[in-house]
Amino acid sequence: MSAHITVVGLGTGDESQLTLGIWNKLQQAPKLYLRTEEHPVVGYIRKNGIAYESFDKLYEQVPTFEEVYGKIADRLVELARQSGEEIVYALPGHPSVAERTTQLLRQRCPNAGIGLSIMGGESFLDQTFLRFGFDPIEGFQLLDGTSLQEGQLNPALHTIIAQVYDSFIASDVKLTLMELYPDDYKVFVGHSLGVDGKEIISEAALYELDRLSGYGNLSVIWVPKADSRELFHRTFTRLRDIVAILRSPDGCPWDRDQTHASIRGNLIEETYEVLETIDDDDPEAMCEELGDLLLQVVMHAQMEEEAGTFSIRDVIQGLNDKLVRRHPHVFGESSAHNAGEALSNWQQMKQEEKKSKGIDPDQISILAGIPRDLPALHKAIKLQKRAAKVGFDWPDLEGVYAKIQEELEELREAQDADARKAELGDLLFAVVNLARFLKIDPEEALAGTNRKFMQRFEYIEEQLRLNGKTFDQTDLQEMEAYWQKAKKVL
7 MSAHITVVGL GTGDESQLTL GIWNKLQQAP KLYLRTEEHP VVGYIRKNGI
57 AYESFDKLYE QVPTFEEVYG KIADRLVELA RQSGEEIVYA LPGHPSVAER
107 TTQLLRQRCP NAGIGLSIMG GESFLDQTFL RFGFDPIEGF QLLDGTSLQE
157 GQLNPALHTI IAQVYDSFIA SDVKLTLMEL YPDDYKVFVG HSLGVDGKEI
207 ISEAALYELD RLSGYGNLSV IWVPKADSRE LFHRTFTRLR DIVAILRSPD
257 GCPWDRDQTH ASIRGNLIEE TYEVLETIDD DDPEAMCEEL GDLLLQVVMH
307 AQMEEEAGTF SIRDVIQGLN DKLVRRHPHV FGESSAHNAG EALSNWQQMK
357 QEEKKSKGID PDQISILAGI PRDLPALHKA IKLQKRAAKV GFDWPDLEGV
407 YAKIQEELEE LREAQDADAR KAELGDLLFA VVNLARFLKI DPEEALAGTN
457 RKFMQRFEYI EEQLRLNGKT FDQTDLQEME AYWQKAKKVL
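According to the working numbering, the sequence shown is numbered sequentially starting from 7.
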């Protein structure tokens, strides 16, 4: 027989779980290698005088599990090549369930010209379903505790988490689960499921997960699927479903009647409410207002999904694709050592995207792409920045001040309403240009002045109330006096 590796599963319990075929293969193996001796069947193998070698030492010598598994696969390929005959590799559970070394052997053996066959044992999933007592037809997912991510979690499914070798991994699993599940959510931990005299099943609140003892190679965590609607309210899928229900024939008449145009103003209003929470440094309010803004995005996407043009999934995919494409220094092979280089990469990718759409960047205005309905102050500064990039700009600050003075004089000389409107626009544009030169956001500057005015005017109102007066009982002179006092304290 030419070089060949046979992978066999030892099951999750004792020797009673071994199939006759696998037991015969273990007895007849010219060379037997074990991924680990930490398994109930190994004592039985030893008792029957079957010689073997294990890879347990690698777990102590190599820092990560992925590296351990890679070295095991490489070593097995080399051993098979050297022997020129069959070697048998035995591992816990089923070779094709939550077993990284099997995957690596599938990749390496064909390239090395080595045959590979797999004989399944009882998977730990068999005992998991049996001992925890849930039917997998209800829906379940199997996840790796060593690399668990919050985005993998789905409360609508039973979740089985394997590879929980110790309390440190259990702690990481706990923290990840708590991103979605309540701290007191009921979970179950099983050790040595199906092994007579060694099986332990514990029920615990999620926050207690890493306080339990006994974690090892045969440990598994079960997170039952959720029955509470409240838990689903932490998922984006539930938000999509709610909006779809509201827009359905059996939903809300108001939501059903809305169009892009009818809620256009809501999008602008919610955006400004988010900005207000940012200015106020109010995280609690920001959380709520970001939710209101997100609702607008989902509503517009739902309308288009109903029309058959695109869905929120297309929106998300387009955004993800763009972020990856425009950050080649993060997701590709380019480099960016500072924010300036990162921005340069972003602009370069934008130009390439235009070319891929048949747009020649050299044939369109440098001012193209600035949103038409952008607030005027914000749009003015963007226009000026674009023009300045090609040299259309004042050489120094004196020219900017002179331009403001010029526009102010022209406003004074304007004779009718239309002329005054135009000249006032020119003056504001020139003031925005000054803000750009001074590296000040004119919107933020004016917003700050607005807030300051409100605080000082509210001070006047408060002083009048304290003195038993209303605005009808005061005059400009008294209000100016209060204003000057307000300037000293606000």
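Idealized CB from N, CA, C, for every residue including glycine.
Predicted model only: the values in this text are computed from it and were never measured.
Of all the options P377, A492, G200 and L111, which has the alpha carbon lying nearest to the alpha carbon of G76? Nearest of P377, A492, G200 and L111 to G76, Cα basis: L111.
Cβ of G196 within 7 angstroms of Cβ of V226? yes
Comparing C-alpha positions only, which one of Y187, L199 and K180 sits nearest to E214? K180
Does DSSP put G397 in a helix, a strand or coil? coil
So, do the stretch 145-159 and the stretch 176-192 have three or more beta carbon pairs nearer to each other than 8 angstroms? yes
Where DSSP assigns a beta bridge to T12, which residues make up the other side? V94 and S123
I need the boundaries of the alpha helix (DSSP H) containing I284, first residue and last residue. R270 to D285
Going straight from the alpha carbon of D286 to that of L414, what length do you get? Inter-residue distance for D286 and L414 is about 34 angstroms (C-alpha atoms, whole angstroms).
Could you please give me the residues that DSSP links to E59 through a beta bridge? The bridge partners DSSP lists for E59 are Y39.
Check whether A428 and K409 have beta carbons under 7 angstroms apart: Annotated as distal: A428 and K409, with beta-carbon spacing of 7 angstroms or more.
For the candidate residues R137, D189, G220 and P142, whose alpha-carbon lies nearest to that of G200? R137
Would DSSP call F140 helix, strand or coil? coil
Please state the DSSP three-state secondary structure of I251. helix
Check whether the Cβ atoms of R244 and F238 lie closer than 7 angstroms to each other. Contact: yes.
Under the criterion of a Cβ to heavy atom distance below 6 angstroms, does G314 qualify as lining the ligand GTP? This structure lacks the ligand GTP, and indeed carries no ligand of any kind.
Bounding residues of the beta strand (DSSP E) (the contiguous stretch that carries E209): I206 to A211
For the stretch 160-177 against the stretch 216-224, do three or more pairs of beta-carbon atoms, one drawn from each stretch, fall closer than 8 angstroms, so that the two count as touching? In short, these stretches touch, since the Cβ pair count reaches three.
Cβ-based neighbour list, R240, same chain, cut-off 6 angstroms, excluding 5 preceding and 5 following: L186
If we count the other Cβ atoms within 10 Å of its Cβ and call it buried at 16 or more, is G278 buried or exposed? According to the sequence provided, residue 278 is Tyr. The question's Gly does not apply to it. Y278 comes out exposed.
Name the one or two DSSP bridge partners that F194 has. E209 and W228
How do the stretch 415-423 and the stretch 337-350 stand: do at least 3 beta-carbon pairs fall below 8 angstroms, yes or no? no
Between P188 and the rest of its own chain, which residues show a CB-CB distance below 8 angstroms, the 5 nearest in sequence each way excluded? Excluding residues up to 5 positions away in sequence, L212 and L237 lie with their Cβ nearer than 8 angstroms to the Cβ of P188 in the same chain.
Uninterrupted alpha helix (DSSP H) stretches inside the stretch 315-396 (no shorter than 4 residues): Counting whole runs of 4 or more residues, the stretch 315-396 contains the alpha helix (DSSP H) stretches 318-331, 334-337, 345-362 and 382-395.
Considering only residues of the same chain and omitting the five flanking positions on each side of S340, which have a CB-CB separation below 8 angstroms? Contacts found: P334 and N351.
Can you tell me where the alpha helix (DSSP H) with D150 in it begins and where it stops? For D150, there is no enclosing alpha helix (DSSP H); the enclosing beta strand (DSSP E) covers residues F146 to D150.
Does DSSP put I466 in a helix, a strand or coil? helix
Restricting to Cα atoms, I'd like to know which of G474, N473, D481 and R462 is closest to L496. R462
Provide the residue(s) that pair with T165 in DSSP beta bridges, ordered along the chain. Q147 and V229
Does the distance from the C-beta atom of I120 to that of A9 stay below 7 angstroms? yes
Any idea which residues DSSP pairs G17 with across the strands? BP columns for G17 point to G99.
Where do the ends of the alpha helix (DSSP H) carrying C258 lie? Run containing C258: none; DSSP gives neither H nor E here.
So, is K53 buried or exposed, given that buried needs 16 or more other C-beta atoms within 10 angstroms? exposed
Taking the alpha-carbon positions, what's the L159 to I56 distance? 43 angstroms
Collapsed DSSP secondary structure at D202 in the structure displayed: coil
Sort V48, L163, I11 and S208 by Cα distance to A118 and report the nearest one. I11
Buried/exposed call for K2, threshold 16 Cβ in 10 Å: Summary: the structure shown does not reach residue 2, with the chain confined to residues 7 through 496, and so no result is reported for it.
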